[in-house]
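Read through the structure below, which is laid out as structure tokens, and then see the notes.
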Amino acid sequence: MEIVVASSVAALTAAGVYLILRLRTFATILGLALLSYAVNVFLFSSGRLAIDLPPILSKYGDAGYTDPLPQALVLTAIVISFGMTAVLVMVALGAFVESDDDKIDMDSPDETEEGNAP
Amino acid sequence: MSVTIDDHLLIIIALLPFIGALVPGIMIRAGRNACATFTAVPTALALIMLLVKAPAVMSGQVITAEIEWLPQLGLSASFFLDGLGLLFAGMILGVGLLITLYARFYLSGDDPMGQFYTFLLLFQGAMLGIVLSDNILLLLIFWELTSLSSFLLIGYWKHLPEGRQGARMALAVTGAGGLAMIGGMLILGNIVGSYNLTDILKAGDLIRASDWYMPALILILLGAFTKSAQFPFHFWLPHAMAAPTPVSAYLHSATMVKAGVFLMARMWPALAGTDAWFYIVATTGLVTMVIGALIALFKDDLKALLAYSTVSHLGLLTMLLGFGTPLAAMAAVFHIINHLTFKAALFMTAGIVDHETHTRDIKRLGGLRKLMPITFVIGTLAALSMAGIPLLNGFLSKELMLEEAAHTKWAGSYYAVPVMATIGALLSVAYSFRFIGHVFLGPVRDDYPSKPHDPPFGLWAAPALLVVLVVLIGLMPFLAEPLVKTAAYAVTGGDMPYFHLKIWHGFTPALYMSGFATLAGFILLLMHAPLDRIWAAMPRPEAKAIFDRLIAALVAVSRRISEATHDGAMSRYLAIFVVATTALGYLAWRDAGMPAPTRELLPIPPLVFVGWILLLAATVSVVFLHRQRFLALVVIGVIGLTISVGFVYLSAPDLALTQISVETVTIMLLLLALHYMPKSSPIESGTGRRLRDGVIALAAGGGVGALAYSFMLRNTSTISQYHLDNSYEGGGGTNVVNVILVDFRGYDTYGEIIVLGIAGLIIYAVIEALLNGPAARKLRNADFSADRSRDRHPLMMVIATRVMMPVAFMVGAYIFLRGHNQPGGGFVAGLVISIALLMQYMASGFAWTQMRQRIHYHSFIGWGVLVAGLTGAAAWLYASPFLTSLYGYVKLPLIEKFGIGTAFFFDLGVFLAVLGAVMLMLHSLSRIARFAGETVNVEPMDYDPSDHGQAEEKEN
């Protein structure tokens with residue numbers, strides 16, 4: 000099971016990294032979405048894997064539980080990464096509408112240089 | 000935080016100006032008089048409190064007050080008041096009051112007066128902080144604050160380029176000196192082992208014997224010299240004269256420039272007494288005194304003349320402190336008082352002349368004696384005092400200075416210092432007489448830019464009061480003696496020889512030097528016209544040009560560096576970042592190695608295997624399909640859902656719920672955004688580049704996967720057991736994840752809902768800016784009709800979503816309520832309700848839904864944060880820390896007894912904030928749709944089968 004989770008994290012990370020290195024905003028957003036999956040699963044796995052041991056306290060004696068702390072952290076991380084994705088999407092959209100272009104690299108530095116009045 | 004206070008008043012004195020700074024900005028609405036009055040109130044209060052403490056300090060006590068701040072760093076908010084502090088604090092507050100009065104009449108109706116007084120009080124607070132600090136780290140903070148607040152004050156007239164440039168120059172020079180001083184102070188603190196000034200002052204011998212004495216001395220002096228405009232850093236002061244005159248009078252004669260002198264006086268017991276101190280400080284002071292006086296003589300701008308004369312007098316003070324003898328230090332203290340009185344009066348006089356004649360050019364003035372008799376008397380008395388004419392206070396301290404200079408030996412020479420000091424005095428006489436002669440005496444002219452006459456009482460009251468002091472101290476020096484003695488005692492740390500301030504000391508060398516200087520100075524002034532021509536023809540280094548060139552060179556270098564490294568190629572930064580991170584991870588692994596695995600692998604059932612293949616396939620497809628954007632989004636959805644299923648399997652029901660709902664919302668958002676963006680990406684990178692990125696990606700992915708795998712195989716000790724043990728007892732819930740969120744780590748959650756709220760507001764603001772900017776026109780003209788479905792509001796969907804809405808709300812409420820004990824909670828419930836609402840938007844259209852919405856989503860965010868915050872704050876009522884939770888059981892009729900805790904309300908806040916943020920984001924996006932010409936349906940459906948007949952009738 001561990002190998003399944005670890006390889007999934009690896010695949011998601013690799014795909015995410017490849018996509019954020021693309022030259023268009025949309026690919027970058029997709030890449031970041033994949034990376035946030037990867038990071039969330041990675042953080043979650045730091046609590047070690049457990050099957051059928053949800054951290055819901057049982058009324059009947061000593062049941063086993065999985066580690067609840069990474070789950071709590073990942074839960075907020077999922078929501079926050081949604082917020083961040085939303086902001087990014089909006090910035091990308093704004094940039095596209097303003098400049099009719101969704102490239103993420105500037106063309107070359109000398110085109111953007113401005114006069115330096117003393 | 001522990002507070003040990005010997006005296007509450009001291010802390011109140013130090014805080015009053017800062018508190019007071021909040022007021023003028025508001026009071027300006029009540030008029031200029033009210034504004035000035037409310038500026039004067041905190042200053043006057045602080046002054047009264049200071050006077051209450053004065054008798055104790057005069058009798059030799061040192062008053063202290065301390066609040067521990069960061070004891071680990073040796074930083075405490077500790078203040079102390081001794082003679083030197085009393086003298087300076089009195090000057091700062093006293094002159095502050097006069098300046099407040101003066102500025103009320105000086106500033107014109109167009110100037111934002113509330114702003115001015117706010118800056119003034121901030122500056123006053125910073126200055127007071129310097130002179131009252133008992134901790135050198137605290138002192139440094141106030142030191143930098145004076146640089147900042149003086150920057151604001153110098154640049155107060157924002158429309159004047161000289162003002163802006165002068166402010167920038169002052170900030171650059173004094174700020175750089177301040178940085179050097181931080182280094183010096185840290186060394187000093189290290190030598191002594193304490194950052195408390197009182198400890199440092201007692202450890203003078205230890206400091207002077209240390210190997211680090213020289214670096215510390217030089218760094219601290221750099222700070223003091225830049226602040227007090229000592230040569231070669233003097234050039235910023237004249238440029239700072241672009242400030243309004245009240246600022247010049249306050250900062251550049253009475254207070255800020257004296258901060259450097261204060262620091263040297265303060266550090267005198269710790270640093271003075273060595274050859275290095277004498278040669279560096281006394282020589283710098285001497286050179287500054289002569290050069291400043293020389294330039295002052297040839298300046299035509301009244302304020303520039305006064306600025307250079309201030310430079311010269313600051314040099315005099317520095318020189319006296321540099322002599323390192325107790326009597327010289329005493330002379331310095333006395334001259335600080337005298338210089339304050341006559342120079343502030345002179346600046347105000349210059350301001351009055353400028354105000355009335357509309358020029359400060361000496362060449363265009365003259366003969367004002369008859370036109371402005373009151374100003375003439377004030378200005379003349381002050382200038383005579385500056386020249387050192389007997390019966391005025393300037394004479395007394397100048398005699399003391401010459402007396403000290405007369406028996407100071409410099410590098411084996413008995414003549415160097417006395418001769419230079421006499422030359423300085425001579426030049427000082429010349430420019431002082433010039434101030435009187437060329438401005439007030441001479442024939443009345445008829446070409447003044449404005450018809451001059453004496454100003455209203457409010458404008459001349461402040462300088463007049465100062466001149467009264469000039470004369471009083473001049474005639475009766477014994478009045479000032481107790482204060483001078485107390486302050487000098489504080490400077491020298493105790494060992495003062497007997498002395499007595501008096502007018503007549505007999506026929507001493509100082510008297511001859513002084514007499515010669517006065518006479519020669521007068522003669523020099525008579526020859527001013529030809530000398531002025533020679534001076535004008537002489538090549539001189541222009542400090543501002545040098546400074547500007549230096550800054551330009553620095554800017555060029557920084558620009559080259561940042562352009563080489565920051566060229567706007569985002570994908571390159573990201574590649575460098577990923578490679579560097581992966582390499583660091585690899586290095587850490589290579590050096591540290593790994594312990595043996597301690598956990599057994601879990602089995603892989605066939606179903607999981609299928610899910611795994613699905614996930615991998617979907618991930619690979621995203622990479623290959625990313626150019627077809629719509630398809631890529633669908634596949635991303637598959638990945639998200641697979642991960643949710645994985646969470647369920649791996650005992651994380653809460654995560655699964657959250658992931659599913661977030662997934663839904665994210666995809667909707669991306670779909671909406673994609674509507675306005677290109678539907679596919681072109682192929683831009685070549686094979687080489689794609690290969691390179693592929694290698695980087697595989698390395699990064701492999702690294703992260705290996706890391707995850709290797710620690711999943713090993714057990715480490717965690718703090719989780721604590722949460723499991725205390726969840727029910729302490730938090731009142733059996734869903735440990737939810738209890739952690741709303742209780743154990745409630746503070747984190749509180750922060751996160753705020754972040755989410757901010758994200759929502761950012762999106763709202765971005766859209767707002769977009770729709771009000773030039774892009775709006777593009778949007779309006781863009782044609783999106785090709786993507787549009789013909790049946791935009793299908794019957795089935797409209798009906799289904801409406802039927803489902805109450806059900807969805809019920810589910811949301813259920814998930815919310817059970818969250819504390821079973822999977823669920825505020826986050827998930829917020830998302831579920833958002834989805835229910837979103838479906839209405841999608842099915843029935845934006846405008847239709849909007850018309851039925853009663854509450855703004857902004858307010859959801861606000862209420863959410865507020866409810867969560869208030870719940871947390873309620874714990875204070877029980878004297879518990881923020882966010883401590885309470886719970887108990889409630890019995891309502893008809894239903895079972897149930898537990899309810901403050902965590903419920905906190906979770907309610909989370910719910911509201913999440914709902915508000917998510918809805919605000921999507922709502923903002925859909926506003927673009929409306930803007931981009933999407934038609935608004937008034938009816939819920941485009942095609943309503945119930946009035947089929949009517950529609951046909953219409954068509955017919």
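Chains S and Z supply the protein sequences, listed in that same order.
For what it's worth, numbering that gives the first Met the number 0 labels the leading residue of the first sequence as 0, then goes sequentially.
For what it's worth, numbering that gives the first Met the number 0 labels the leading residue of the second sequence as 0, then goes sequentially.
The C-beta atom is built at its ideal place from N, Cα and C for all residues, glycine as well.
- Within chain Z, no C-beta atom comes nearer than 7 Å to that of residue 31 of chain S; the closest sits roughly 10 Å away.
- Ranked by Cα distance from residue 728 of chain Z, the options Z:742, Z:717, Z:715 are led by Z:742.
- Comparing alpha carbon positions, the residue from Z:830, Z:185, Z:929 closest to residue 665 of chain Z is Z:830.
- Taking a C-beta cut-off of 9 Å against chain Z, the contacting residues of the segment 58-73 of chain S are 58, 64, 65, 66, 67, 68, 69, 70, 71, 72, 73, listed in chain order.
- Rounded to the nearest angstrom, the Cβ distance from residue 384 of chain Z to residue 467 of chain Z is 12 Å, too far for a contact under 8 Å.
- With distances taken between CA atoms, residue 20 of chain Z lies nearest to Z:123 out of Z:848, Z:568, Z:123.
- Rounded to the nearest angstrom, the Cβ distance from residue 320 of chain Z to residue 280 of chain Z is 6 Å, consistent with a contact under 8 Å.
- By the 16-neighbour rule on beta-carbons within 10 angstroms, residue 792 of chain Z is buried.
- Positions of the alpha helix (DSSP H) runs, each at least 4 residues long and wholly inside the segment 749-800 of chain Z, are given as 774-780 in order along the chain.
- The continuous stretches of beta strand (DSSP E) do not include residue 716 of chain Z, and DSSP gives it neither H nor E.
- The three-state reading of DSSP puts residue 32 of chain S in helix, counting H, G and I together.
- Residue 286 of chain Z and residue 232 of chain Z do not touch by the CB rule: their CB atoms are close to 12 Å apart, not below 8 Å.
- Between residue 68 of chain S and residue 739 of chain Z, the C-beta spacing is below 8 Å.
- About 20 Å separates the beta carbon of residue 133 of chain Z from that of residue 58 of chain Z, a gap too long to meet the 8 Å contact definition.
- Within a 10 Å sphere around the beta-carbon of residue 288 of chain Z sit 16 or more other beta-carbons, which makes this residue buried.
- Assigned with DSSP and collapsed to three states, residue 534 of chain Z falls in helix.
- Residues of the segment 610-625 of chain Z with a C-beta atom less than 8 Å from some C-beta of chain S are 611, 614, 615, 618, 619, 621, 622, 625, listed in chain order.
- Contact annotation for residue 751 of chain Z against chain S: 75, 78, 79 [CB-CB distance below 8 Å, chain order].
- The three-state reading of DSSP puts residue 104 of chain Z in helix, counting H, G and I together.
- When beta bridges are read from the DSSP output, residue 146 of chain Z appears opposite no residue.
- In the three-state scheme derived from DSSP, where H, G and I count as helix and E and B as strand, residue 683 of chain Z is classed as coil.
- Residue range 282-296 is occupied by the alpha helix (DSSP H) that includes residue 282 of chain Z.
- Going by C-alpha positions, residue 140 of chain Z is about 18 Å away from residue 260 of chain Z.
- Around the CB of residue 372 of chain Z, fewer than 16 other CB atoms lie within 10 Å, so the residue is classed as exposed.
- In the three-state reduction of the DSSP assignment, residue 134 of chain Z falls in the strand class.
- By the 16-neighbour rule on beta-carbons within 10 angstroms, residue 852 of chain Z is exposed.
- For residue 349 of chain Z, same chain residues with a beta-carbon under 7 Å away, outside a window of 5 residues either side, are 244, 301, 302, 305, 359 in chain order.
- Boundaries around residue 63 of chain Z are those of the beta strand (DSSP E), 62-69, since no alpha helix (DSSP H) includes it.
- The beta carbons of residue 859 of chain Z and residue 914 of chain Z sit closer together than 8 Å.
- Taking all protein chains in view, the Cβ of residue 477 of chain Z is surrounded by fewer than 16 other Cβ atoms within 10 Å, so the residue is classified as exposed.
- Taking 7 Å as the cut-off between beta carbons, the residues of the segment 567-582 of chain Z near chain S are 567, 568, 569, 570, 573, 574, 577, in sequence order.
- Proximity of chain S to residue 701 of chain Z at the Cβ level (cut-off 9 Å) is accounted for by 9, 12, 13, in chain order.
- The beta carbons of residue 593 of chain Z and residue 48 of chain S sit no closer together than 8 Å.
- Within the same chain, 176, 179 come within 6 Å of residue 221 of chain Z by CB-CB distance, once the 5 residues on both sides are set aside.
- In the DSSP assignment, residue 620 of chain Z falls within the alpha helix (DSSP H) that extends over 605-624.
- With fewer than 16 other Cβ atoms inside 10 Å of its own Cβ, residue 522 of chain Z counts as exposed.
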